[in-house]
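Worksheet for the structure shown next.
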Amino acid sequence: MKQWLLFAGVAAAALAQEAAVFPAKTGEVYRVRVDKDANLLESITDTIRKHGIQDGAVLTAAGSLGECTFHGVGGSRQVVKEDMEINHLGGIIANGDAHLHVVLSNAKRGAFGGHLENGCRVSNRVELTIARFTGVPLERVKGSLEVKRRK
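Going left to right, the sequence shown walks through residues 15 to 165 as this note's numbering numbers them.
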């Protein structure tokens, strides 16, 4: 009986810490092709700037890279210079800046990835989808990891 009460107390405490939820509606959706030898993040950033996307998300991507720079938790930067497939690429756009994470794989390393950085060279092609959100936008709080709704 004591174990059940302890579990119920822990579950109640976990429920008390609600996630921050920011509703939005989808505006335009951009389907983007990034060609061989282009830099992936720089191409995404150029698309965001060219189309004035202040609030949105990179929803999905498929393709291959010949070189990629990324960092993991704690900022351990890695540069991989070999062929790899993009298994997942996604993240948010707040204040017109993309915060993207990538999962890559190849036969030699298996799966790996982290926070996408500049200097990732497209091997053949990458196709991705970017959505613009409408309504009250998110903004990244300067000097913090926090993202909040703009007032």
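We put the CB at the ideal spot given by N, CA and C, even for glycine.
Report task. Please work out which residues of its chain come closer than 8 angstroms, Cβ to Cβ, to serine 78, disregarding the five sequence neighbours upstream and downstream, and give them in chain order. Result -> Excluding residues within five positions, the ones whose Cβ falls inside 8 angstroms are Asp97, Met98, Glu99, Ile100, Val136, Ser137, Asn138, Arg139, Val140.
Query raised in the report: Over what stretch of residues does the beta strand (DSSP E) that includes arginine 123 continue unbroken?
Result: Where arginine 123 is concerned, there is no enclosing beta strand (DSSP E), given that its DSSP letter is neither H nor E.
Requested in this report: Run the CB neighbour count on glycine 41, radius 10 Å, all protein chains shown included, and call it buried at 16 or more, exposed below.
Outcome: Glycine 41 comes out exposed.
Query raised in the report: Exposed or buried, which one is arginine 146 when buried takes at least 16 other CB atoms within 10 Å?
Result: That one is buried.
Report task. Going by CA-CA distance only, name the one from Asp111, Arg123, Cys134, Glu81 that's closest to lysine 64. Result -> The shortest Cα separation from lysine 64 among Asp111, Arg123, Cys134, Glu81 belongs to Asp111.
Report task. Specify the secondary structure class of valine 87 as computed by DSSP and reduced to three states. Result -> In the structure shown, valine 87 sits in a helix (DSSP, three-state: H, G or I).
**Report entry** Collapsed DSSP secondary structure at isoleucine 67 in the structure displayed
**Finding:** Coil, per DSSP.
Query raised in the report: Under 8 angstroms, do valine 35 and isoleucine 58 count as touching if we go by C-beta distance?
Result: Pairing valine 35 with isoleucine 58 gives a Cβ-Cβ distance that is not under 8 angstroms.
Requested in this report: Would you mind sorting valine 48 into buried or exposed? The rule is 16 or more other CB atoms within 10 Å of its CB.
Outcome: So valine 48 counts as buried.
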